[in-house]
Structures are given as structure tokens and as C-alpha cells.
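>
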Amino acid sequence: MRSIVFVFVLGLLSFITQAQSPAHYAGGRSEMLKFLAKNTRYPTASQEENAQGIVRASFTVGKDGIIQEAKANGENSGLSEEVLRVIQTMPKWQAAKDKNGQPIISTHELVFAFVIDSKNAAITRLPEAEKADLVVTTYRD
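Every number in my numbering is 1214 more than the matching position in the sequence shown, counting from 1.
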């Protein structure tokens, strides 16, 4: 099966923890989404299984800016494992700070959509993809 993988970046990063100064990826949201788009792959085994769907990820950014406690939940284990892998490879963030300027731990969420597309019908077949932070699409001949 020949496929070309394209990654589309949509949406925003969701912040669960409110802080005086929220944690952020070095270079900001757009750089984080570029990193995710460049490094997220549609797993071959999942493509062969015709697996697609939403994977919700959560993680904490520690006081030192390092990603901790990453979790990924989706219906297909291969897709969830890919999301977990890419989150765990993200570079160090700038930690959130409290009102006194002290670093604090913060929790964040990302939503990934994996869709298999033929003739550009991906979003209509998986409507939830419209609200995802990142859409990973594989195109088939």
C-alpha cells in the first residue's frame, strides 16, 4: 500500500491549569505545532488496519520545563503509542509561573486526529477532526 503522509495543523493547545504565566513551548504555539507536524507519523500498522480516529493526550510540564506524565488515549493502540512517542520527544518548555514568579507544574491537553483519505474526503468522514489540534492524514491512491 502506497501512501503519502501529510500533516495538517489545526486548532490551539488547551491549557487545563491556570497560572499567572502559563507554560509554553520554546518559540510559542506555532513552533510547537510545527514540531508536532514534522515528527508525527501515521503508523504503518494502523494504516494497514484502516485505523483512524481521535487520540486525546495529556501531559504535565514540570517546574524544570520537562514533559512528564504523558498519557494518550485513543481507540487504536498504534495511534495512541505514536502520540505518546511524539509528545515524549518534545523539547523542554518554559515552565508556568505563579503570581510570585515561581515555577509551577501545569497540565496540558492536545487532541490528535488520524484520518485515512482518498479523494480529499477525510474531514467529512471524521467530523471530530475539525476540533483537533493536529490532523495526521494518510492519502491513498
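All C-beta atoms, glycine included, are put in the ideal place defined by N, C-alpha and C.
With DSSP as the reference, label I1356 as helix, strand or coil.
This structure cannot settle anything about residue 1356, because the visible part of the chain is limited to 1215 through 1355.
> Short of 7 Å in beta carbon distance, which residues of its chain neighbour E1342, apart from the five on each side in sequence? Order them along the chain.
In the sequence shown, the residue the question calls residue 1342 occupies position 128. Correct list, in chain order: I1268 and A1327.
> Can you look up Q1308 in the DSSP assignment and give me helix, strand or coil?
Counting from one through the sequence shown, the residue named residue 1308 turns up at place 94. It is a strand residue.
> Which of helix, strand or coil does DSSP assign to T1258?
Your numbering for residue 1258 matches position 44 in the sequence shown. Three-state DSSP puts T1258 in a helix.
> Does DSSP put E1289 in a helix, a strand or coil?
Residue numbering aside, residue 1289 sits at position 75 when the sequence shown is read from its first letter. E1289: coil per DSSP, three-state reduction.
> Look at the alpha carbon of L1324 and the alpha carbon of K1248, and state the distance between them as a whole number of angstroms.
Within the sequence shown, numbered from 1, the residue matching residue 1324 stands at position 110. Within the sequence shown, numbered from 1, the residue matching residue 1248 stands at position 34. Roughly 14 Å separates the two Cα atoms.
> Is it buried or exposed for D1312, if we count other Cβ within 10 angstroms and need 16 for buried?
For the purposes of this step, residue 1312 is identified with residue 98 of the sequence shown, where counting begins at 1. That one is exposed.
> Just reading off the beta strand (DSSP E) that E1342 is part of, what are its end residues?
Taking the sequence shown and counting its residues from 1, one reaches residue 1342 at position 128. Note, E1342: premise wrong, no beta strand (DSSP E); not H, not E.
> If you follow the alpha helix (DSSP H) that E1245 is in, where does it begin and where does it stop?
For the purposes of this step, residue 1245 is taken as residue 31 along the sequence shown, with counting starting at 1. Run containing E1245: R1243 to N1253, per the alpha helix (DSSP H) assignment.
> Nearest to S1272 by alpha carbon, out of E1263, G1288, S1244 and I1318?
As a position in the sequence shown, residue 1272 is number 58, starting the count at 1. Among E1263, G1288, S1244 and I1318, the Cα nearest to that of S1272 is on G1288.
> For the beta strand (DSSP E) holding I1268, just list the boundary residues, first then last.
The count along the sequence shown starts at 1 and reaches residue 1268 at position 54. That run of the beta strand (DSSP E) goes G1267 to V1275.
> Measure the CB-CB distance between G1292 and A1259 and report whether it falls below 8 Å.
To locate residue 1292, count along the sequence shown from 1; it is residue 78. To locate residue 1259, count along the sequence shown from 1; it is residue 45. Against a cut-off of 8 Å, the Cβ pair of A1259 and G1292 comes out as a contact.
> Kindly list the residues whose CB is nearer than 8 Å to the CB of A1240, restricted to its own chain and excluding five residues on each side of it in sequence; keep chain order.
For this step, residue 1240 is matched to residue 26 along the sequence shown. The answer, listed in chain order, is P1305, K1306, W1307 and Q1308.
> Take L1348 as the anchor and find which of M1246, K1277, E1283 and A1284 has the nearest alpha-carbon.
The residue given as residue 1348 occupies position 134 in the sequence shown. If we check each option's Cα against that of L1348, M1246 comes out closest.
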